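To keep things clear, I will list the structure first and then write my remarks on it.
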Amino acid sequence: MKSFADKVKEARISLGYSQAQLAGEIDISSRSVQAYERGEKKPRAAMMAKLARALKVSVKFLSDDECEDPMADIEKDNYIEKARERYGADGALDIERLLADNTALFAGGELSQAQKDAFFEAVMTAYVTCKEEAKTRYGKKNAVFDGRNQDCNMVE
474 MKSFADKVKE
484 ARISLGYSQA
494 QLAGEIDISS
504 RSVQAYERGE
514 KKPRAAMMAK
524 LARALKVSVK
534 FLSDDECEDP
544 MADIEKDNYI
554 EKARERYGAD
564 GALDIERLLA
574 DNTALFAGGE
584 LSQAQKDAFF
594 EAVMTAYVTC
604 KEEAKTRYGK
614 KNAVFDGRNQ
624 DCNMVE
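Just so you know, we're using the working numbering here: the sequence shown kicks off at 474 and counts up by one.
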């Protein structure tokens, strides 16, 4: 079991980056990278995604001390990041929850990468469609798809 700090340092070194190079890659200070590697702080979700992308590992690998696979759930990261870009942190959390809740449907079975991609794309498409429909219908940007039915619910 490795800590976030150990994983960041090992991944950085394996890519041949200095702390300054990694910092420049993700637009943060070298002091922040040093703090990550000393275990003094952890980045917020958006920066964690940037850091994972720069280190060529998944967000799950960095954020979960129990996770030992650098590629664990990496296919989800792209969809979560798309939702973050379009709808902010709440959108990223919504899509992350939807993907996690619906991945349980596959318990006990194996899916090919193409099948996983098709599933994630379908969930993302449903989410975006719901958000756009809610924006058109209600004129608000903060509609969420609850994942349990086909209805969009407005968040106050």
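In this text, a Cβ means the ideal position worked out from N, Cα and C, and glycines have one as well.
Please read these numbers as outputs of a predicted model, since none were measured by experiment.
Check                                                                                                                            : Outcome
In this structure, does DSSP put Lys482 in helix, strand or coil?                                                                : helix
How about Lys533 and Cys540: are their beta carbons less than 8 Å apart?                                                         : yes
Determine whether the beta carbon atoms of Glu510 and Val481 lie at a separation below 8 Å.                                      : yes
Quick one: using the 10 Å Cβ neighbour count with 16 as the cut-off for buried, is Lys514 buried or exposed?                     : exposed
Distance, Cα to Cα, Ser502 vs Arg610?                                                                                            : 43 Å
Which same chain residues, not among the five before or five after Asp590, have their C-beta less than 8 Å away from its C-beta? : Glu548
Are there 16 or more other CB atoms within 10 angstroms of the CB of Leu584, so buried, or fewer, so exposed?                    : exposed
Between Gln492 and Val506, what straight-line distance do the alpha-carbon atoms span, to the nearest angstrom?                  : 6 Å
So, is Ala470 buried or exposed, given that buried needs 16 or more other C-beta atoms within 10 angstroms?                      : Here the chain has residues from 474 to 629 only, and residue 470 is not among them.
Going by Cα to Cα distance, which pick from Glu606, Gly612, Gly564 and Ser476 is closest to Asp538?                              : Ser476
Quick one: grab the DSSP three-state call for Glu558.                                                                            : helix
Quick one, which of Phe593, Glu483, Ala607 and Met597 has its alpha-carbon nearest Leu528's?                                     : Glu483
Would you check if the distance between the CB atom of Lys604 and the CB atom of Tyr552 is smaller than 8 Å?                     : no
Compute the Euclidean distance between the alpha carbons of Phe593 and Ser487, then round it to the nearest angstrom.            : 30 Å
Going by alpha carbons, who is nearest to Ser536 out of Lys555, Glu554 and Pro516?                                               : Pro516
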